[in-house]
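Visitor:
Numbering (this note's numbering), first residue to last: 2 to 147.
(1) Consult DSSP for residue 40 and reduce its assignment to one of helix, strand or coil.
(2) Is it true that the segment 43 to 52 meets the segment 110 to 117, where meeting means three or more beta-carbon pairs spaced less than 8 angstroms apart?
(3) Nearest to residue 68 by alpha carbon, out of 58, 80, 27?
(4) What are the boundary residues of the alpha helix (DSSP H) that residue 53 is part of?
(5) Residue 119 bridges to which residues according to DSSP?
(6) Below 7 angstroms CB to CB, which residues in the same chain sit around residue 29 once its five sequence neighbours on both sides are set aside?
(7) Which partner residues does residue 1 have in the DSSP bridge list?
(8) Between the C-alpha atoms of residue 134 and residue 97, what's the straight-line distance to the nearest angstrom?
(9) Span of the alpha helix (DSSP H) holding residue 142?
(10) Can you say whether residue 61 is buried or exposed, counting buried as having 16 or more other CB atoms within 10 angstroms of its CB?
(11) If you draw a straight line from the alpha carbon of residue 59 to that of residue 77, how long is it in whole angstroms?
(12) Using CA coordinates, which residue listed in 73, 101, 66 is at the minimum distance from residue 43?
(13) When the Cα of residue 20 is compared with those of 64, 39, 53, which residue comes out closest?
(14) Pick from 82, 100, 40: whose alpha carbon is nearest that of residue 75?
(15) Considering only residues of the same chain and omitting the five flanking positions on each side of residue 31, which have a CB-CB separation below 6 angstroms?
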C-alpha cells in the first residue's frame with residue numbers, strides 16, 4: 002500500500018485554520034448576542050455554542066490576546082473594532098454561502114447547517130463566484146433574467 006504524502010506543514014495549516022474558524026464563530030456569536038440583548042456574558046456564549054463556561058473562558062482569553070474582544074472578570078464581553086470587522090466579514094461570508102446553497106436547491110435547514118462549516122474554508126474567488134451564481138438565480142426567479 003502506498004503512503005499518502007502530505008506537505009510537512011499541512012497539519013500546521015489545518016490547526017491554524019481551525020483556530021481561525023473558532024475565532025470567527027465566537028466573534029460572530031458575541032455580535033449576535035450583543036445585537037439581540039445588549040450585552041454578552043460567558044454564560045450566554047456557553048449556551049449558544051453548546052460548550053461549558055470553562056471552554057468559553059479559555060477561548061475568550063485567546064480572543065483577547067488576538068485583540069478581538071475585551072472583557073474583565075465578571076463583566077460583559079465586548080467586541081473590539083477588529084472583532085466587529087471579523088464578525089461582519091464572517092456574517093457576509095455565511096450569507097453568500099447560504100444563498101448559494103439555497104440557489105442550488107439545498108433545503109433550508111441543511112443549507113444553514115452546511116454554510117456554518119463551508120464559510121470558513123472558501124476562498125474569496127470562489128465566494129465571489131458563489132455570490133454571482135446566487136444573484137443570477139435570484140434575478141431569474143424574480144422574472145428579471147439578464
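Built from N, CA and C at the ideal position, the CB exists for glycine as well. This one's a predicted model, so the numbers in the text were calculated from it and none came from an experiment.
Guide: Put simply:
(1) The count along the chain shown starts at 1 and reaches residue 40 at position 39. Coil, per DSSP.
(2) no
(3) Walking along the chain shown from the start, residue 68 turns up at place 67. Nearest option by C-alpha distance: 80.
(4) As a position in the chain shown, residue 53 is number 52, starting the count at 1. Taken as a continuous stretch (DSSP letters only), residue 53 belongs to no alpha helix (DSSP H), as it is neither H nor E.
(5) As a working note, residue 119 is residue 118 in the chain shown. DSSP output for residue 119 lists no bridge partner at all.
(6) On the chain shown, position 28 is the one that residue 29 refers to. 88, 91, 92.
(7) Any property of residue 1 remains undetermined from this structure, which presents the chain solely from 2 to 147.
(8) Here residue 134 refers to the residue found at position 133 when the chain shown is read from its first residue. Here residue 97 refers to the residue found at position 96 when the chain shown is read from its first residue. Taking the straight line from one Cα to the other gives about 10 angstroms.
(9) Taking the first residue of the chain shown as position 1, residue 142 is located at position 141. It spans 125 to 142 - the alpha helix (DSSP H) in which residue 142 sits, taken as one unbroken run.
(10) Stepping through the chain shown from its first residue, residue 61 is reached at position 60. Classification of residue 61: buried, given that the 10 Å Cβ count is 16 or more.
(11) Within the chain shown, numbered from 1, the residue matching residue 59 stands at position 58. Within the chain shown, numbered from 1, the residue matching residue 77 stands at position 76. Using only the alpha carbons, I get a separation of about 15 angstroms.
(12) Residue 43 sits at position 42 when you count from the first residue of the chain shown. Here the closest residue by C-alpha is 73.
(13) On the chain shown, position 19 is the one that residue 20 refers to. Residue 20 has its Cα closest to that of 64, out of 64, 39, 53.
(14) For the purposes of this step, residue 75 is taken as the residue at position 74 of the chain shown. Ranking the options by Cα distance to residue 75, first place goes to 40.
(15) Start at 1 with the first residue of the chain shown, and residue 31 comes out as number 30. Taken in chain order, the residues that qualify are 41, 78, 80.
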